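Letter by letter, the sequence shown follows residues 22 to 226 in the working numbering. For glycine and all other residues, C-beta sits at the position ideal for the given N, C-alpha and C. The model shown is predicted, which means the values in this text are computed figures rather than measured ones. To start, the structure itself, in structure tokens.
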Amino acid sequence: QAQDTAQTVALTGEFKPELGFLQSELARQDPDVVFGQIRQRSPDSKIVITASGLSEDESDRYVKSGAVGVILKTDDPSLSVKCARQVMANEVWLPKKQIVRLVQGSQERVRPRDTLTSREKSIVSYLMQGWRNKEIAQHLSITEQTVKNHLRTVYDKLGVSDRLELVLYIIHTHLELPPTDPSVSSAAKEPRSPIEPPPQDARPS
Numbered sequence: 022q023a024q025d026t027a028q029t030v031a032l033t034g035e036f037k038p039e040l041g042f043l044q045s046e047l048a049r050q051d052p053d054v055v056f057g058q059i060r061q062r063s064p065d066s067k068i069v070i071t072a073s074g075l076s077e078d079e080s081d082r083y084v085k086s087g088a089v090g091v092i093l094k095t096d097d098p099s100l101s102v103k104c105a106r107q108v109m110a111n112e113v114w115l116p117k118k119q120i121v122r123l124v125q126g127s128q129e130r131v132r133p134r135d136t137l138t139s140r141e142k143s144i145v146s147y148l149m150q151g152w153r154n155k156e157i158a159q160h161l162s163i164t165e166q167t168v169k170n171h172l173r174t175v176y177d178k179l180g181v182s183d184r185l186e187l188v189l190y191i192i193h194t195h196l197e198l199p200p201t202d203p204s205v206s207s208a209a210k211e212p213r214s215p216i217e218p219p220p221q222d223a224r225p226s
């Protein structure tokens with residue numbers, strides 16, 4: 022068990038765990054920096070925050086920085102197992118009220134007249150399966166920049182600011198997406214979390 026932030030980052034980089042539980046105290050000062058350092062050293066690690074107690078703002082900040090789950094130390098121990106299973110199945114583990122709060126914050130910025138095109142829905146569908154921008158571009162025979170441009174448009178239409186908010190929006194609203202074609206891509210063979218923001222900026226650039 023890591024004793025400080027530097028050791029946490031170093032151990033994550035050395036062992037590259039598929040799943041890690043990070044004490045909130047070790048990332049509270051600047052979650053963006055801590056999660057950025059972890060992603061640089063182990064980009065495929067899924068990180069769940071554990072805490073004795075968190076305010077809504079603190080919890081939201083951890084999630085927006087890259088945490089795929091939040092669990093309280095006072096929760097029943099069996100929930101840790103359920104959390105691990107759900108996160109490893111490429112889902113998020115968050116209190117229902119937090120998901121609703123994050124999604125509602127996005128929906129307040131939605132322009133109802135805007136709908137996604139078939140191409141945009143296709144890209145979002147692959148993103149939800151954990152595909153990276155480069156893999157989506159190769160599979161659809163378009164450039165990676167074109168994928169990023171489409172995602173910017175999707176963010177604007179749905180009123181979300183990053184991949185995490187997009188994923189939560191899709192989960193909460195049950196937006197209908199086309200089925201993905203699992204052929205040829207390594208992403209289909211090795212599913213990953215759709216929430217893998219780039220090291221410096223969660224939005225595509």
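| task | Could you tell me whether the region 113–123 touches the region 78–97, where touching means 3 or more Cβ pairs closer than 8 Å? | result | The region 78–97 and the region 113–123 touch, with three or more beta-carbon pairs separated by less than 8 Å.
| message | In this structure, how does DSSP classify GLN150 when only helix, strand and coil are distinguished? | response | Locating residue 150 in the sequence shown gives position 129, counting from the first residue. In the structure shown, GLN150 adopts coil according to DSSP, grouped into three states.
| field | When LEU75, LYS155, ALA105 are compared against THR167, the one with the closest alpha-carbon | value | Indexing the sequence shown from 1 puts residue 167 at position 146. Closest by alpha carbon: LYS155.
| message | According to DSSP, is VAL72 part of a helix, a strand, or is it coil? | response | Sequence index remark: in the sequence shown, residue 72 carries index 51 (1-based). Per the sequence shown, residue 72 should be read as Ala rather than Val. In the three-state reduction of the DSSP assignment, ALA72 falls in the strand class.
| field | Under the three-state DSSP convention, the category VAL113 falls into | value | Within the sequence shown, numbered from 1, the residue matching residue 113 stands at position 92. DSSP places VAL113 in coil when its eight states are reduced to three.
| Straight-line CA distance for VAL113 to THR194? | Walking along the sequence shown from the start, residue 113 turns up at place 92. Walking along the sequence shown from the start, residue 194 turns up at place 173. Rounded to whole angstroms, VAL113 to THR194 spans 15 Å at the Cα level.
| field | Where the beta strand (DSSP E) containing GLY41 begins and where it ends | value | To locate residue 41, count along the sequence shown from 1; it is residue 20. 40–44 is the span of the beta strand (DSSP E), which, as asked, contains GLY41.
| Any 3 or more C-beta pairs closer than 8 Å across the region 56–65 and the region 89–99 | No contact exists between the region 56–65 and the region 89–99.
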